[in-house]
Amino acid sequence: MAQKTKIKTKLRQKRSPHTVVAAPKVSAILPAAEQPTAYLPQLRGKKVALLVNQTSRAQGSHLADFLKHSGIDLRVIFGPEHGFRGNAPDGAEIRSNVDAATGVPVVSLYGKKLKPAPEDLKDIDIMVYDIQDVGARFYTYISSLQYYLEAALENGIPLMILDRPNPNGFYVDGPVLDPKFKTFVGLQPIPIAYGMTPGEYAQMLLLEGWLSDAANRAFEVTKRARYAPGARYFRLEVIPCAGYTHKSRYVLPVRPSPNLPDMTAIYWYTSTCLFEGTAVTEGRGTARPFATIGAPLLPKHLFAFTPGPTEGAPKPRYNGQTCYGWDLSAERRELHPQNAGRLQLRYLLEAYRLYPQKDSFFKANFTRLAGNEILAQQIRDGKTEDDIRASWEPALSNFKAIRKKYLLYEDFE
121 MAQKTKIKTK
131 LRQKRSPHTV
141 VAAPKVSAIL
151 PAAEQPTAYL
161 PQLRGKKVAL
171 LVNQTSRAQG
181 SHLADFLKHS
191 GIDLRVIFGP
201 EHGFRGNAPD
211 GAEIRSNVDA
221 ATGVPVVSLY
231 GKKLKPAPED
241 LKDIDIMVYD
251 IQDVGARFYT
261 YISSLQYYLE
271 AALENGIPLM
281 ILDRPNPNGF
291 YVDGPVLDPK
301 FKTFVGLQPI
311 PIAYGMTPGE
321 YAQMLLLEGW
331 LSDAANRAFE
341 VTKRARYAPG
351 ARYFRLEVIP
361 CAGYTHKSRY
371 VLPVRPSPNL
381 PDMTAIYWYT
391 STCLFEGTAV
401 TEGRGTARPF
411 ATIGAPLLPK
421 HLFAFTPGPT
431 EGAPKPRYNG
441 QTCYGWDLSA
451 ERRELHPQNA
461 GRLQLRYLLE
471 AYRLYPQKDS
481 FFKANFTRLA
491 GNEILAQQIR
501 DGKTEDDIRA
511 SWEPALSNFK
521 AIRKKYLLYE
531 DFE
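Taken in order, the sequence shown gives residues 121 to 533; the numbers are from this note's numbering.
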């Protein structure tokens, strides 16, 4: 069993459990990883752990390759869903291995193991997180971030987050998760589109006390402790993006996962991932996943398509069957989420109205994605979109007030 480390806190300017480095003023949006002078000095001479994937890019290379080339002592690389190099299909279990390019051990944090174990971190001086998110509650990278943050606290290790823009960070919308429905696709009482970057979200987790009991207790010790020279201690440090605000429309340079190949899919994802919990396919196995929705039993006058094997979906739902539904990329521009600035429920309501077998429309997974059991019942009861949105408002307003406290960038409103 790893020896417990006394947790201490020390900051350069003032005593605080976390800090944010000032971002430089630039004309273009720069993720933190593209500002190496802001973080390389803190990593030199230390044994480093990374939680990264294929979106973790710095100076034209994968961040792991860049750090290794820069002389940083990488000891372990953790990989989230889809793996360290990002080529595994959704939900696929990934085995731990050794990265051929760097020779560094890779430990999977998806499947049976979700959090770094003490033995994974026994020689680590600092943990680093750098993953591009898309700002949807059910996108599992923020769950991996939470467990990584908990591991840092529980083991008394500093955590540095290299922040990245949220491509859906220009609005906040959707039902707030009911804690009764907490799973890996939704751990916290946040809406589907929560409008925060990873660095902002991590601060909220930490300071709202939304972590494990052990992590929260460790944080209380951190806040009370005095700094002892040479001791290993927890500190959360966020290296911010430069040139980013929550009004920005940031185009991702690397796809964040196999079934989000472009910005059309990324913008629609917050609205259409709910179809994963219904009898209607969300479009895996098509050229436009999450922007193509339909089912064999929907009316045949609708848009027709046939799912087939793809890199991200080797065995898609309704494989080889003709489906009928909607090509959302061809819908009116004002309906696209990046223009509407909110989730689109109209297609979910219409699909239910048109589906002939109402009793089999909703699947067990729908409540996990929606974060409650109310939304499915509202749709069954024929509630309008306005009625449904009104029911979200109290919890949504409360979340917005909490969110405001942790923003590092100018907000959209």
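Backbone N, C-alpha and C fix where the C-beta goes; we use that ideal spot for every residue, glycine too.
| Query | Result |
| --- | --- |
| Per-residue burial, residue 253 [other beta carbons within 10 Å of its own, 16 or more giving buried] | buried |
| Burial state of residue 129, where buried means 16 or more other Cβ atoms lie within 10 Å | Note that residue 129 has pLDDT 31, beneath the 50 cutoff, so the model's placement of it is unreliable and the number below is only indicative. Buried, because 16 or more other Cβ atoms sit within 10 Å of the Cβ of residue 129. |
| Cβ neighbours of residue 250 in the same chain (closer than 6 Å, five flanking residues each side left out) | 153, 172, 176, 183 and 282 |
| Three-state secondary structure (DSSP) of residue 182 | strand |
| Cβ-Cβ distance between residue 405 and residue 424 below 9 Å | no |
| Top-ranked residue by Cα proximity to residue 238, from 274, 516, 216 and 218 | 274 |
| Coil, strand or helix - residue 225 by DSSP | strand |
| For residue 514, three-class secondary structure by DSSP | helix |
| Test item: CB-CB of residue 468 and residue 499 under 9 Å | yes |
| Continuous beta strand (DSSP E) assignments of at least 3 residues falling wholly in the stretch 336-399 | 356-359 |
| C-beta atoms of residue 489 and residue 397 nearer than 9 Å | yes |
| Beta-carbon proximity check, residue 200 vs residue 264, cutoff 9 Å | yes |
| Which of helix, strand or coil DSSP assigns to residue 167 | strand |
| Option in 516, 247, 377 and 288 with minimal Cα separation from residue 461 | 288 |
| Secondary structure, beta strand (DSSP E): runs of 3+ residues fully inside the stretch 428-493 | 443-447 |
| C-alpha gap between residue 336 and residue 438, whole angstroms | 45 Å |
| Residues near residue 261 by beta carbon distance below 6 Å, same chain, minus five either side | 200, 251 and 253 |
| Local conformation of residue 333 per DSSP, three classes | helix |
| Distance, residue 140 Cα to residue 277 Cα | 17 Å |
| Proximal residues to residue 442 (C-beta, below 8 Å), its chain only, five neighbours per side dropped | 416, 424, 425 and 426 |
| Own chain, CB closer than 8 Å to residue 535, minus 5 neighbours either side, in chain order | Because the chain in this structure spans residues 121 to 533, residue 535 falls outside the shown range and cannot be described. |
| Identity of the residue in 191, 150 and 174 nearest residue 163 by Cα | 191 |
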